Every structure is written in structure tokens, then in C-alpha cells.
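Residue numbers (the working numbering): 19 to 287.
Ideal Cβ positions, reconstructed from N, Cα and C, are used throughout, including at glycine.
In this text, all values refer to a predicted model and were calculated from it rather than measured experimentally.
Shown next as C-alpha cells:
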């Protein structure tokens with residue numbers, strides 16, 4: 019079994035300082051094989067914020083990978099945003115924008131959806147769509163897990179526009195085989211399959227809320243603990259309340275002939 023911790027939307031520069039210690043302690047207690055950070059390390063792509071984010075990630079004491087979010091590229095510094103949008107991220111966080119890693123039966127596929135010309139909405143580029151489709155098709159017995167900042171599916175109440183290129187990407191990837199997507203951006207928890215292909219649910223999406231930001235949008239801070247065994251995944255939502263993170267329910271999905279099938283109870287909301 020491989021254990022992952024997914025965090026997202028730390029937003030250093032708008033972080034809740036009272037949750038820094040509890041989040042670190044909760045991740046340490048989970049003892050993951052890998053921490054996955056789904057973008058928005060910082061609030062405004064400033065060096066001081068990136069330094070704080072880097073110190074936090076290094077302080078976890080666990081291996082980690084991450085992808086940039088829209089807040090990780092400059093918004094108001096237009097020359098930098100257009101000419102070197104990923105420069106600060108590469109300097110302070112990681113040079114690789116779309117890391118890929120094999121970990122036991124899990125194949126992690128990083129996807130950079132942050133785009134200087136679609137700053138809020140995000141974009142899936144054609145080359146990335148094709149790269150990931152090929153990786154899914156060749157995954158064999160491994161579980162492909164795509165890590166991106168922007169979600170590929172919104173709950174009905176979400177008013178933001180869906181990411182540019184998301185429908186085409188999902189159609190392509192569903193044809194390639196079952197897979198999972200880890201995302202963030204909306205500061206809301208959602209864990210469900212939603213793309214059908216030949217009668218099967220092929221895409222399982224988990225998007226976390228914000229791990230540390232004070233911009234909670236009416237929901238608590240949270241992160242996810244994922245236990246992956248073969249083609250089965252269980253996700254435990256960890257909710258930050260009263261200065262600590264506590265488990266708020268676990269859901270398990272596994273791949274069958276009909277795609278992703280749910281077993282167990284829904285997380286508490």
C-alpha cells in the first residue's frame with residue numbers, strides 16, 4: 019500500500035499562523051510515503067511568500083512533489099507575468115513544473131494548468147493532454163494519478179468557469195483508461211467519479227479545500243490522506259478546527275468492470 023497526503027492552496031501571505039503547527043503535526047502523524055501539493059503555494063508570487071512556502075514544505079520532513087497554481091505566477095507584475103511567469107516558482111519551489119514519479123503501484127503525473135493568459139481559469143495544453151493519455155494507456159496495473167491545480171469538474175453550485183481544455187482532456191483520458199485526478203483551487207472538498215466512457219466511470223476526482231488559507235469560503239481548512247492499494251483508493255478528509263486537524267470520514271473507491279465504484283460511507287461535511 020502507498021500512502022499519499024494531498025494538500026492544496028496553502029496561500030502563504032494569507033495563511034492562518036495558528037494552523038501551521040497543527041498541519042505539520044497531522045502530516046507527520048499520517049507518515050505518508052509522499053506529500054502531493056496541488057498548487058497555490060503562495061498568495062501573490064512574492065519572494066518572501068515563496069521563501070515561507072519552501073521552508074514549510076522542507077520542514078515536513080517527507081518527500082514531496084507539487085505543481086504551480088494560478089497564484090504562483092505574477093498577477094500585477096505584467097512584464098514578469100508575460101515574459102517569465104514561472105520564474106519565481108522555479109527559483110523558490112521547484113524547476114520542474116510537471117513532475118512525474120512512480121511509487122509502487124501508483125504513477126503520479128504532474129500537470130501544470132497555471133497559464134498567464136488564463137490566470138484564474140487555467141488551461142490544459144494539447145501536448146500535456148496527449149502526454150497524459152499515453153501514460154494512462156501504458157499504466158498497466160499501476161494507478162495513474164494526475165496532479166493539477168485547477169479542477170476538471172465543478173459542483174453545480176460553483177459559479178467559476180471550468181478550465182479551458184478540460185472537457186477535451188477528460189474525453190481523451192477516459193478513452194485511455196481509469197485514472198484519478200488530485201486538484202484544488204476552489205477551496206472546497208469534493209471526491210467523486212464523474213466521467214463515463216462505454217458505461218463506466220473512468221475519472222475519479224478529489225479536490226481538497228485550502229490547507230492554511232484564511233480565505234475559507236465558508237468551509238473548514240482541510241487536507242486528504244490517501245491509501246492506494248492496486249486499483250483501490252481510500253481518502254480520509256482531515257479537517258482543521260479549534261487548532262487541530264481531525265479525521266472527518268473516509269470513502270473508498272475501487273476500479274471494477276464498470277469503472278470506479280464506491281464502497282463505504284461518505285465523509286462528513
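- Residue 127 sits close to residue 153, with the two beta carbons spaced by under 8 Å.
- Taking the C-beta atoms as reference points, residue 221 is found no nearer than 8 Å to residue 244.
- If you look at residue 78, you'll find it isn't in any alpha helix (DSSP H); DSSP assigns it neither H nor E.
- Residue nearest to residue 77 within the set 267, 44, 94, 209 is 44 (criterion: CA-CA distance).
- Checking the DSSP bridge columns, you'll see residue 198 partnered with 163, 222.
- DSSP places residue 38 in the uninterrupted alpha helix (DSSP H) bounded by 35-48.
- In terms of Cα proximity to residue 205, the closest of 179, 235, 199, 196 is 235.
- Where residue 183 is concerned, there is no enclosing alpha helix (DSSP H), because DSSP gives it neither an H nor an E.
- One Cα belongs to residue 225, the other to residue 240, and the distance between them is close to 10 Å.
- Remark: C-beta atoms of residue 91 and residue 104 approach each other more closely than 8 Å.
- The Cβ neighbour count for residue 147, taken over all protein chains shown within 10 Å, is at least 16; the residue is labelled buried.
- Nearest C-alpha to residue 140 among 58, 101, 75: 58.
- In the DSSP assignment, residue 240 forms a beta bridge with 257.
- Excluding five sequence positions before and after residue 19, the CB atoms of its chain that fall closer than 6 Å to its own CB belong to 245, 247, given in chain order.
- Here residue 47 is exposed: its Cβ has fewer than 16 other Cβ atoms, across all protein chains shown, within 10 Å.
- The C-beta distance from residue 25 to residue 229 rounds to 4 Å, short enough to fall under 8 Å.
- Beta-bridge partners of residue 272 (DSSP): 250, 279.
- A residue is called buried once 16 or more other Cβ atoms fall within 10 Å of its Cβ, and residue 33 is buried on that count.
- DSSP places residue 26 outside both helix and strand once states are collapsed to three, so it counts as coil.
- In the three-state DSSP reduction, residue 73 falls in the helix class (H, G or I).
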